[in-house]
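Notes for the one structure printed next.
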DNA sequence: TAAACCTGTGTAAGCGCTTACAAACGCGTT
DNA sequence: AACGCGTTTGTAAGCGCTTACACAGGTTTA
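Residue numbers (our numbering), protein chains in the order written: chain A, 145 to 480; chain B, 145 to 480.
Listed below in structure tokens is the structure:
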């Protein structure tokens, strides 16, 4: 049962297809009689405009494509929320896709989006995201989130992960910790690297104030945090503070601590990164470096919407926004 | 900088637009020479097919529209995950939209989706969702998730919430509880009502085994669970077990308990519903009625994909899948 | 050697819509 | 009565793509 088309409506109302179009779109150069006749016919036929055709004719889809590494989970869900809120404020719709960390999949997704969206909002935190640039269409406005996809973008919004790493160390030292360990995210992730670099830089600067330091590698997953913490606890010298590359690994670390019969923060202080919703719920409540994940999404879309509003898509000096993480001290790191 | 079109590619390769199309789509009735010439031209021009135009011409978008009350949060995020996984398995893309509980918004979203998707996956747990039916296009395959949108759907997948409510009571009684309270979801939500009905029915059947019972109303939000639990604790007779309409309210209830210096499960057993990821992380770990939320999404999409594969979209006897909740006993309800 | 085939290719008609353009009409003016 | 004007309408040309159909060659067959 194919849906009615504008042509059907026009015929039903006995007017030309052009008049039908005008009436439906509420243009003012239509006689009242015609308008009501068309509207009634449309209702009678359950006519719903064909968005695709309209988009093709108008060269405007009112849709933006959102490409994330994944489209679920605490972190991405928050991004989506921010994007969603901003999108509805701008009257835009969302075509979302997950790249699953695979650049080929990302390419496929971009393919599929091409011609269905007015602009792209992309997050690709992979170190080698440069290649990503090749996949992206040059002709579309593009805003990147926490990515290092080269230029060509109409804007970008990133997090100052390096500063966050330093803040973590400073805070831990201020709590009297002297044996700091870091559980890093995957080396393929640019954000993870920056956080680690911040940690290492601050540790080096702290010099004699610290007795010991170490780095274990995780993959941003809860389990990897658990395993890494286990390794840390099994070693000769134990840390009295652990800074993890993100919150989920911190949660895993907390479980490992509990398993070992140890307590945070008394035995080992734990500090996460991101401040995903779950951070408040774990026991003890997780201290973390809060990234306005929601803001990341919201402002990202705002940037893109601004670029779209530009007359011919003129670049107008690509905007770059950098968000600073903010230290949120809850229980897991509070020693003094 | 408009992107290159097929016409441009055809001209560049000096062939007809039809041949260009064939070459690009890998049809086999193209001479090798032509094919490579076209492919090279396409690469040179950074040609990316215009998905919208292709969809219009083929009357197939390979995209399905996902309409949820919200597109973020623990619960919906899980649904999205299920849908996403299934969608990629079927080679389908996702156009998502949140209705925010507003039927008008839902209408707008459906409008926007019309002509951009091959089918609709809709979740609208509102009691008055009947009206929703009016907004939906008759011409599209439709699968509903946990909704009571009338018929016309090619399929539906729902949760046996009533049974879940009964299971909750049975379990609590088995733990030796005799004063049962229920914190219900919003009355406008059909699922919430069914869970409550299950609770009340089981309570009635338990008869003399129970000394007391009560129902407080919440709104599925964490805060409302907190407030409801406070009210419960302030009353003359206190429950020794609370069953909440969903997990987030249980989390709130747990906080209220802690605030009052009470312990779960010793003082009051707490039992949630859904088993969202967070349930494992709270203290004490939350017992709950597990709904395969992920499965809800995955099977929903599978159903839809099956309907799409149908020759002319023939209904082929709409499938209805009912998922039974499963009791997951963690710490918050374990008294014996 | 003509009829019967393939194979590649181009022409053109859509898909459902918007929108320039021109035609048609009713007016008030001179 | 001829003119200009503003309003309403229809015609038709796209938007970028697919695909039925026709057609030109080169092979086979009888």
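Don't be surprised by glycine CBs; every beta carbon is placed ideally from N, CA and C.
Here's a check: name, in chain order, each residue in its chain whose Cβ is nearer than 6 Å to the Cβ of residue i, leaving out the five neighbours to either side.
i: residue 315(B); result: 471
i: residue 182(A); result: 157, 164 and 167
i: residue 435(A); result: 303, 418 and 469
i: residue 422(A); result: 218
i: residue 446(A); result: 230
i: residue 400(B); result: 370, 373 and 374
i: residue 234(B); result: 449
i: residue 464(B); result: 300
i: residue 159(B); result: 178
i: residue 289(B); result: 267, 301, 440 and 444
Return the chain-ordered list of same chain residues with a C-beta closer than 8 Å to the C-beta of residue i, the five sequence neighbours on each side being excluded.
i: residue 473(A); result: 315 and 431
i: residue 347(A); result: 313, 324, 354 and 357
i: residue 225(A); result: 438 and 441
i: residue 173(B); result: 166
i: residue 261(A); result: 205, 207, 208, 209, 239 and 284
i: residue 180(A); result: none
Would you grab the beta carbon distance between residue i and residue j for me? Rounded to a whole angstrom, and I think it's under 8 Å.
i: residue 372(B); j: residue 397(B); result: 7 Å
i: residue 429(A); j: residue 476(A); result: 7 Å
i: residue 321(B); j: residue 385(B); result: 4 Å
i: residue 257(A); j: residue 195(B); result: 7 Å
i: residue 336(B); j: residue 342(B); result: The Cβ separation is near 11 Å, so there is no contact.
i: residue 298(A); j: residue 267(A); result: Actually they are not in contact, since the Cβ atoms of residue 298(A) and residue 267(A) sit about 15 Å apart, beyond 8 Å.
i: residue 228(B); j: residue 215(A); result: 6 Å
i: residue 327(A); j: residue 360(A); result: 5 Å
i: residue 287(A); j: residue 265(A); result: 5 Å
i: residue 413(B); j: residue 319(B); result: 6 Å
For residue i, does the three-state DSSP call read helix, strand or coil?
i: residue 454(B); result: coil
i: residue 463(B); result: strand
i: residue 480(A); result: coil
i: residue 205(A); result: coil
i: residue 264(A); result: strand
i: residue 182(A); result: helix
i: residue 357(A); result: strand
i: residue 407(A); result: coil
i: residue 104(B); result: Because chain B here runs from 145 to 480, residue 104(B) falls outside it and cannot be looked at.
i: residue 413(B); result: strand
i: residue 441(B); result: helix
i: residue 301(A); result: strand
i: residue 449(A); result: helix
i: residue 160(B); result: coil
i: residue 398(A); result: helix
i: residue 430(B); result: coil
i: residue 150(B); result: helix
i: residue 420(A); result: coil
i: residue 176(A); result: helix
i: residue 279(B); result: helix
i: residue 289(B); result: strand
i: residue 385(B); result: strand
i: residue 284(B); result: coil
i: residue 200(A); result: helix
i: residue 471(B); result: strand
i: residue 155(A); result: helix
I'd like the list of long-range same chain contacts for residue i, defined as Cβ closer than 7 Å, with 5 residues on each side in sequence excluded.
i: residue 189(B); result: 148, 152, 153 and 156
i: residue 161(B); result: 150, 151 and 154
i: residue 368(A); result: 362, 393 and 396
i: residue 537(B); result: Given a span of 145 to 480 for chain B in the structure shown, any question on residue 537(B) remains unanswerable.
i: residue 310(A); result: 342, 345 and 346
i: residue 192(B); result: 147
i: residue 253(B); result: 211, 241 and 243
Touch check for the region 355-370 of chain A and the region 379-393 of chain A: three-plus C-beta pairs under 8 Å? yes
Kindly confirm or deny that the region 236-244 of chain B and the region 208-215 of chain B touch, where touching means at least three C-beta pairs closer than 8 Å. yes
When you compare the region 300-320 of chain B with the region 432-445 of chain B, are there three or more beta-carbon pairs, one atom per stretch, that lie closer than 8 Å? yes
In chain order, which continuous runs of the beta strand (DSSP E) of length 3 or greater are located wholly inside the region 307-375 of chain A? 323-328 and 356-361
Unbroken alpha helix (DSSP H) runs of length 4 or more, entirely within the region 209-261 of chain B: which are they? 218-234 and 247-257
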